[in-house]
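Colleague:
Residue numbers (the working numbering): 44 to 202.
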């Protein structure tokens, strides 16, 4: 609280400023009027700043995965104040006409993940867009390669 006591204005309204701590969630407020009786005030939700959310902590990109092998990428969403963002939608798009966009949501730790593959040798660039504010992360291209024997059963190598 900015002040422990605040006077009412001409309309009988008292205003107080709350400063958020380090934990997000619901804050219960209480007030006491001149007669000393404590009453419940409004509940205040303390959360992340959607306008400043940006992708952080991007996963490494695999080095030349084989065609048909799944590739997983992840990132975390964090605001300018260091708060991780849960339950936020991320749209993953691919520069390949054969892979449709995929929408995922961040978990409680602010992590969003996508898994995909290509059925043909090609270079795929993945873009992750935060739907709440349009901020993006672009991963370096992933080069899907054919297996040496022509099959898709060779192991995935990571950088």
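A virtual CB, placed ideally from N, CA and C, is assigned to each residue, including glycine.
1) One question on the structure: do residue 87 and residue 72 come within less than 9 Å of each other, judged by their Cβ atoms?
2) Among the candidates 81, 112, 120 and 75, whose CA atom is the shortest distance from the CA of residue 176?
3) Per the contact definition of three or more C-beta pairs closer than 8 Å, is the stretch 69 to 83 in contact with the stretch 148 to 160?
4) Rounded to a whole number of angstroms, what is the C-alpha to C-alpha distance between residue 145 and residue 69?
5) Please state the DSSP three-state secondary structure of residue 69.
6) Given this structure, state the Cα-to-Cα distance separating residue 143 from residue 131, to the nearest angstrom.
7) Would the beta-carbon of residue 148 be found less than 8 Å away from any heavy atom of the ligand ZN?
8) Would you identify the three-state DSSP class for residue 87, choosing helix, strand or coil?
9) With a cut-off of 8 Å on the beta carbons, I'd call residue 67 and residue 91 a contact; round off their distance for me.
10) Do the CB positions of residue 162 and residue 117 come within less than 9 Å of each other?
11) Is the separation between the beta-carbon of residue 160 and that of residue 113 shorter than 9 Å?
12) Report the partner residues of residue 142 according to the DSSP bridge assignment.
13) Closest to residue 141 by CA distance: which of 127, 166, 129 and 134 is it?
14) Taking the continuous beta strand (DSSP E) assigned at residue 180, which residues delimit it?
Modeller: A quick look at the data gives this:
1) Here residue 87 refers to the residue found at position 44 when the chain shown is read from its first residue. Here residue 72 refers to the residue found at position 29 when the chain shown is read from its first residue. If you check the CB distance, residue 87 and residue 72 come in under 9 Å.
2) As a first step, residue 176 must be located in the chain shown, where it is residue number 133. The candidate whose alpha carbon is nearest that of residue 176 is 120.
3) No: fewer than three Cβ pairs fall under 8 Å.
4) Residue numbering aside, residue 145 sits at position 102 when the chain shown is read from its first letter. Residue numbering aside, residue 69 sits at position 26 when the chain shown is read from its first letter. The alpha-carbon atoms of residue 145 and residue 69 are separated by roughly 32 Å.
5) Taking the first residue of the chain shown as 1, we reach residue 69 at position 26. Three-state result, residue 69: strand.
6) For the purposes of this step, residue 143 is taken as the residue at position 100 of the chain shown. For the purposes of this step, residue 131 is taken as the residue at position 88 of the chain shown. Rounded to the nearest angstrom, the two C-alpha atoms are 20 Å apart.
7) As far as ligands go, the structure on display features none, and thus does not contain the ligand ZN.
8) Taking the first residue of the chain shown as 1, we reach residue 87 at position 44. If DSSP states are grouped into helix, strand and coil, residue 87 belongs with the strands.
9) Within the chain shown, residue 67 is the residue found at index 24, counting from 1. Within the chain shown, residue 91 is the residue found at index 48, counting from 1. A Cβ-Cβ separation of about 7 Å places residue 67 in contact with residue 91 under the 8 Å criterion.
10) Locating residue 162 in the chain shown gives position 119, counting from the first residue. Locating residue 117 in the chain shown gives position 74, counting from the first residue. No, Cβ-Cβ distance for residue 162 and residue 117 is not below 9 Å.
11) Counting from 1 along the chain shown, the entry for residue 160 is found at position 117. Counting from 1 along the chain shown, the entry for residue 113 is found at position 70. Going by C-beta atoms, residue 160 is nearer than 9 Å to residue 113.
12) Within the chain shown, numbered from 1, the residue matching residue 142 stands at position 99. Answer is none; residue 142 lacks a bridge partner.
13) Counting from 1 along the chain shown, the entry for residue 141 is found at position 98. For residue 141, the closest alpha carbon among the candidates 127, 166, 129 and 134 is that of 166.
14) Within the chain shown, numbered from 1, the residue matching residue 180 stands at position 137. According to the DSSP assignment, residue 180 belongs to the beta strand (DSSP E) that extends over 179 to 181.
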